[in-house]
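Residue numbering for the sequence shown is 39 to 107, as defined by my numbering.
Structure record follows, encoded as structure tokens.
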Amino acid sequence: HALIWDISVAEEARGRGIGQALLRAAEERALAAGVSEIRLYVLEANARARRIYEEAGYRNYERFLSKRF
Numbered sequence: 039h040a041l042i043w044d045i046s047v048a049e050e051a052r053g054r055g056i057g058q059a060l061l062r063a064a065e066e067r068a069l070a071a072g073v074s075e076i077r078l079y080v081l082e083a084n085a086r087a088r089r090i091y092e093e094a095g096y097r098n099y100e101r102f103l104s105k106r107f
């Protein structure tokens, strides 16, 4: 599996879909490398990031979210 530890978008650039684009780019790169699952770390308090990840199909998996391909 691949692991995403941190995706950061500058505060003044938030709300423009940049985080989603970065996540898609990471997924595409992982798929091209033959990865069948991505796990990521997100703080429980980071509701905005959790929403982006959940909308992209990630679900709770222990302390990480996971998306299988």
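The beta carbon of each residue, even a glycine, is placed where N, CA and C say it ideally should be.
The structure presented is a predicted model; accordingly, all values stated were derived computationally and were not measured.
inquiry  = Using 8 Å as the threshold, is the C-beta distance between ILE42 and ILE90 below it?
reply    = no
| said: Once the 5 residues before and after LEU69 are set aside, which same chain residues still bring their CB inside 8 Å of it? | reply: PHE107
DSSP three-state label for LEU81, please.
coil
task = Please name the residue in ARG88, GLU100, SER104, TYR99 whose C-alpha comes closest to that of GLN58.
result = ARG88
**OP:** Report the residue from ALA85, TYR79, ASN84 whose alpha carbon sits nearest the alpha carbon of TYR99.
**Re:** Of the candidates ALA85, TYR79, ASN84, the one whose C-alpha sits nearest the C-alpha of TYR99 is TYR79.
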